[in-house]
Amino acid sequence: MTLRAIVIGAGWAGEGHTLALQAAGVDVIALCGRTPEPAKAMASNLGLNEVRFNWQDALDEFRPDIVTIATPAKSHCEIAVAAARHGCHIMCDKPLALNAHEARQMLLAVEQAGVKHCYATTLRYSPQFHYVRRLLADGLIGRLTEIEWAQNGLLPVGTYYWLHQLDQGGGLLNQGFTHLLGVLLYVTGAKVQAASGVPHFPLKRVPIGPTLHDFRDLFNTPLDLEQAEWAAVDADFAFTVMLKLQMPDGHIVEVLTDSSGASLAGEPNHLLFHGESGVLKVSGPGFWPSEIRHLAGANQDWREMPIPQDILATLPQVEDRQQQQWNQLFQDFVADIRGESFASYPTFHDGWTASEIIDDVRSNRAWMPMPTL
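Numbered per the numbering used here, the sequence shown spans residues 1 to 373.
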């Protein structure tokens, strides 16, 4: 039997979810949006016949097997809890929720309903991180001792949007740290023992422009900065977060992450895994990894580590790298729903973990141990 899905959200993520579901052989039966013109245009481009503007009614009408949530975070909890009560398997984009309380509600709802749940921290699906995971598991640098990740870029001035508003799920902790944490847990197989950190607020205000319906339009919408009205930004656009990770063998690895979306230099950008017998370095421009290098010891030269063909061959054959990551995530999620073999994928538990850490950082609670459900 063909699985049936509805996608809630008619922006960039909604498009990505739809294409990924279709690539996995799922019948996307409806798209739910808020504004008729952009939602209908997207549905037409994606070959979808049904568009709805009330997601609650759509759940009752279509009774889908799968619901994907591609909206800003303010609506995530309400949608996920309702979809779980309908017995739907759920994929939710990041951040999972506005805060840890909502994330916990969502996790409990899907666990009580017994449905599959997936959380879209897709950066972990970059081929570089598949290879790093293998190299660490193979012991290339010996026992892991510490990790440091600097990720910086200069985001262009964009019109006032949910990204700038904490109560809508904006901020770099929600949009960037979630990805970083997802990568770290994937490549190491570790669990978070404790966290500490601080948010930073380098972006003070942005111009108010036309209403946007797609994240991709945020930085390319023409603005008259001299004539525009401006809105205050209350969301963090930089952060420093420290983690203590408990590795599978029980030893603790300390992690330093530092990220800014307002770095004039746009650097440094590197992820360093320090081990007892070497170092792995992942680097690349902006927020995307591009190369891996290995240092075997002191006074040695860095050696490039090309991604093996067997890893590249397993990736969805899609040119757009973000779409490739969505496709791989949905491929595993849908295979699990069907009872087929699948690779691991991030779940609501991972999203809840990230939300707990973000709440602690924003509340200046130092080295808080991870709670249990």
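The beta-carbon is built from N, C-alpha and C at its ideal position, and this holds for glycine as well. From a predicted model like this one, the values you see are computed outputs, not experimental measurements.
With a cut-off of 8 Å on Cβ pairs, the segment 256-266 is in contact with the segment 230-239, counting three or more such pairs. At the C-beta level, MET368 and ALA195 come within 9 Å of one another.
With a minimum length of 3 residues, the unbroken runs of beta strand (DSSP E) contained wholly in the segment 200-233 fall at 205-207 and 230-232.
Assignment of PHE53 by DSSP, reduced to helix, strand and coil, places it in the coil class. Nearest to ARG85 by alpha-carbon distance, out of HIS274, LEU108, ALA150 and ILE337, is LEU108.
The DSSP-derived three-state label of CYS88 is coil. For HIS89, same chain residues with a beta-carbon under 6 Å away, outside a window of 5 residues either side, are ILE66, VAL115, LYS116 and ILE337 in chain order. ASP332 counts as buried, since at least 16 other C-beta atoms from the protein chains shown sit within 10 angstroms of its C-beta. Under the DSSP definition of a beta bridge, CYS77 lacks any partner. Setting aside the 5 residues that flank it on each side, GLY275 is surrounded in the same chain by ILE141, GLY142, ARG143, LEU144 and THR145, each with a C-beta closer than 7 Å to its C-beta; the list follows chain order. The count of Cβ pairs closer than 8 Å, one atom from the segment 125-132 and one from the segment 291-307, reaches three, so the stretches are in contact.
No Cβ-Cβ contact shorter than 9 Å links VAL26 with LEU46.
Here DSSP, grouped into helix, strand and coil, assigns GLU102 to helix. Per DSSP, VAL241 is one residue of the beta strand (DSSP E) stretching across 238-246. Looking at PRO268, ASP93, CYS77 and ALA83, the one whose alpha-carbon comes closest to that of ALA103 is CYS77. The continuous stretches of alpha helix (DSSP H) do not include LYS94, and DSSP gives it neither H nor E.
Fewer than three Cβ pairs drawn from the segment 289-300 and the segment 200-214 lie within less than 8 Å of each other, which leaves the two stretches out of contact. With fewer than 16 other beta carbons inside 10 angstroms of its own, TRP230 counts as exposed.
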